[in-house]
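Below: the structure, in structure tokens.
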Amino acid sequence: MSMQIRQKDVIISADGEKITVAEAGWDYSFKFTELEKELLPKLQDSDQSETFKFFLNNYYSLMASCVVGDVPSAEEAFRMPRTYLDNWYLAVWELNEDIIGKPYVKTLESEEVTFRDGNTIHIFKAEGLPSFIIKLVELEEYANKHPIEDDPQGQLFQLMFYPKMAAACNGSTIPSAEEARSWPRAELNKWMSASRRMNSEWYVTAQPEIEETNKKKERKGKKKLDG
49 MSMQIRQKDV IISADGEKIT VAEAGWDYSF KFTELEKELL PKLQDSDQSE
99 TFKFFLNNYY SLMASCVVGD VPSAEEAFRM PRTYLDNWYL AVWELNEDII
149 GKPYVKTLES EEVTFRDGNT IHIFKAEGLP SFIIKLVELE EYANKHPIED
199 DPQGQLFQLM FYPKMAAACN GSTIPSAEEA RSWPRAELNK WMSASRRMNS
249 EWYVTAQPEI EETNKKKERK GKKKLDG
């Protein structure tokens, strides 16, 4: 009985460099464990960004363990243009649905949002693609490192909502968090509602944050009244 390991070549750079992604075999778990051990010093390095550590924890070991032959280092992979990183991940997913944990999706679902000035953005169902998820983490890390002082509502938007709204977007007119907060409520809600429909799982933790921020605001107001 012959059972062949499926393989797929993936382009990972603008000059045509390729890697070979393969269906996981018996040695996958061993390769994955060894990679995790090798990456541990990087994960413990306080000089590394949280986004890079997130990439190591959630993507690199999995993706690199499915490569036959030479594989880019973690740093090289992280610096790779996200389109190529997505292609690598998609090849792993296509050949290893059991590892990813869900059926392979060839075409991403998306929704177009048209604003009253005529500009449009497309919001995608992220489906775990590195380009979207890493952007989400980058935006959250930025918000944590650059808090909006004395403005809890502004900080809440920048940290809990804007990253989710912007991470899975594709368009030429995606505003910054500061710009978005100055938009009319109705236009901002168009964007947020579409984002919730596409990636509802991202918003699971948002409601407790809203409630806590409102409580803090109420306590602050009460202190002022009490003198």
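All residue numbers for the sequence shown refer to my numbering, where the first residue is 49 and numbers rise by one.
Don't be surprised by glycine CBs; every beta carbon is placed ideally from N, CA and C.
Remember, predicted model here, so these are calculated numbers, not experimental data.
Check: At what residue ranges does the region 59-118 contain a whole run of the beta strand (DSSP E), taking only runs of 3 or more?
Finding: 66-70
Checklist line | N-terminal and C-terminal residue of the beta strand (DSSP E) that I171 is part of | finding: Taking the first residue of the sequence shown as position 1, residue 171 is located at position 123. Segment 168-172, the beta strand (DSSP E) holding I171.
Notebook entry, point to check: Does the separation of the CB atoms of K212 and S179 fall below 7 Å?
Noted result: Walking along the sequence shown from the start, residue 212 turns up at place 164. Walking along the sequence shown from the start, residue 179 turns up at place 131. For the pair K212 and S179, the CB atoms are not nearer than the 7 Å cut-off.
Checklist line | V161: first and last residue of the uninterrupted beta strand (DSSP E) it sits in | finding: As a position in the sequence shown, residue 161 is number 113, starting the count at 1. Unbroken beta strand (DSSP E) run through V161: 158-162.
Note to self: One question on the structure: do L207 and A191 come within less than 7 Å of each other, judged by their Cβ atoms?
What the structure shows: What you label residue 207 is simply residue 159 of the sequence shown in a count that begins at 1. What you label residue 191 is simply residue 143 of the sequence shown in a count that begins at 1. The answer is yes: Cβ separation under 7 Å.
Notebook entry, point to check: In three-state terms, what does DSSP make of K265?
Noted result: In the sequence shown, the residue the question calls residue 265 occupies position 217. Unreliable placement is indicated for K265, whose pLDDT of 48 sits below 50; the coordinate value is still reported in the next sentence. It is helical.
Notebook entry, point to check: With burial defined as no fewer than 16 other Cβ atoms inside 10 Å of the residue's Cβ, what is the status of A62: buried or exposed?
Noted result: Numbered from 1 along the sequence shown, position 14 holds the residue referred to as residue 62. Counting Cβ neighbours within 10 Å, A62 comes out exposed, since fewer than 16 surround it.
Notebook entry, point to check: Do A112 and L87 have their C-beta atoms within less than 7 Å of each other?
Noted result: Position 64 of the sequence shown, counting from 1, holds the residue named residue 112. Position 39 of the sequence shown, counting from 1, holds the residue named residue 87. Cβ atoms of A112 and L87: not closer than 7 Å.
Next item on the list: Count the other C-beta atoms from every protein chain shown that fall within 10 angstroms of the C-beta of P120, then say buried if there are 16 or more, exposed otherwise.
Entry: Translated into positions along the sequence shown, residue 120 becomes position 72. Under this definition P120 is a buried residue.
Next item on the list: Name, in chain order, the residues that DSSP records as bridge partners for K29.
Entry: One cannot answer for residue 29 here, as it falls past the ends of the chain, which runs 49 to 275.
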